Amino acid sequence: MGKFDPYKVDLKGMRADSEEYQYLLDNQFFANIDGEEIPKGKIEVHLLIIKTAGFYNLNFTLNGIAVIPCDRCLDDMDFAIETNNRLVVKLGRDYAEESEEIIVIPETEGTINLAWFLYEFAALAIPIKHVHAPGKCNKQMSSKLKEHIIVSEDEDEVDDDTTIEIDEI
Numbered sequence: 344m345g346k347f348d349p350y351k352v353d354l355k356g357m358r359a360d361s362e363e364y365q366y367l368l369d370n371q372f373f374a375n376i377d378g379e380e381i382p383k384g385k386i387e388v389h390l391l392i393i394k395t396a397g398f399y400n401l402n403f404t405l406n407g408i409a410v411i412p413c414d415r416c417l418d419d420m421d422f423a424i425e426t427n428n429r430l431v432v433k434l435g436r437d438y439a440e441e442s443e444e445i446i447v448i449p450e451t452e453g454t455i456n457l458a459w460f461l462y463e464f465a466a467l468a469i470p471i472k473h474v475h476a477p478g479k480c481n482k483q484m485s486s487k488l489k490e491h492i493i494v495s496e497d498e499d500e501v502d503d504d505t506t507i508e509i510d511e512i
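Numbering-wise, the sequence shown is residues 344 to 512 according to the numbering used here.
Here is the structure:
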């Protein structure tokens, strides 16, 4: 059994018009997926699949904590993940991504592995810049950062982004 087999869903074999699934994305899941954005975490996933004529609506709700490095001090920080995502899956001849939300899977297979989609939904819920709340960064790293801030030739003029960074430390 492969490490992502629990995330395979047999759409073609669905007996009811809707089915629900629960998943837990834990540290082992994130280690196995080997993505850069989220190295650790604990995120619960609720999946509702609704079968309609010719396609399947997959509605995902993710809630939990992603443990990610702070961009400023590099220490781990907890980031709350709360997101809802949708994926529409159609059966067709070959695998294709028609858009960000519409996937075609081969009718002969009829199954989809959701592991990478779950990871991407969690990763996309994290903003580009992620830092600790003011005063929560590693004190040693913050003092080293202050030592290496570059001030322009006019000593009174500091880059706007740098000013924000200094104030938040």
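Glycine is no exception: its CB is placed at the ideal position from the N, C-alpha and C atoms.
These figures come from a predicted structure and were not determined experimentally.
Original post:
Going along the chain, which residues of its own chain have a beta-carbon closer than 6 angstroms to the beta-carbon of V474, five neighbours each way excluded?
Top reply: Within the same chain, C413, D414 and R415 come within 6 angstroms of V474 by CB-CB distance, once the 5 residues on both sides are set aside.
Subject >> Residue burial classification, L367 (beta-carbon count within 10 angstroms, cutoff 16) >> reply: Burial call: exposed.
Subject >> Inter-residue CB distance, G378 and Y462 (contact presumed, cutoff 8 angstroms) >> reply: That pair is a contact at about 5 angstroms.
Subject >> Other residues of its chain near I408: CB distance less than 8 angstroms, five sequence neighbours each side excluded >> reply: So the list reads G384, K385, I386, D421, F422, A423 and I424, once near-sequence residues are dropped.
Subject >> Where M357 falls: helix, strand or coil (DSSP) >> reply: Here M357 sits in coil by DSSP.
Original post:
Whose C-alpha, out of N402, H389, L401 and V431, is nearest the C-alpha of V447?
Top reply: Closest option to V447, Cα to Cα, is V431.
**OP:** Please report how far the alpha carbon of N370 lies from the alpha carbon of L434, in whole angstroms.
**Re:** Distance between the alpha carbons of N370 and L434 is about 33 angstroms.
**OP:** Find out if the Cβ-Cβ distance for the pair V388, L405 is shorter than 8 angstroms.
**Re:** Yes. Within cutoff.
Original post:
Quick one: is Y538 buried, meaning 16 or more other Cβ sit within 10 Å of its Cβ, or exposed?
Top reply: The structure shown does not extend to residue 538, since the chain spans only 344 to 512, so no value can be given for it.
Subject >> Contact set for F373: own chain, Cβ-Cβ below 8 angstroms, skip 5 residues either direction >> reply: Within the same chain, F373 has close Cβ partners I381, P382, K383, G384 and Y462.
Original post:
The alpha helix (DSSP H) spanning Y438 covers which residue range?
Top reply: Here Y438 belongs to no alpha helix (DSSP H), and DSSP marks it neither H nor E.
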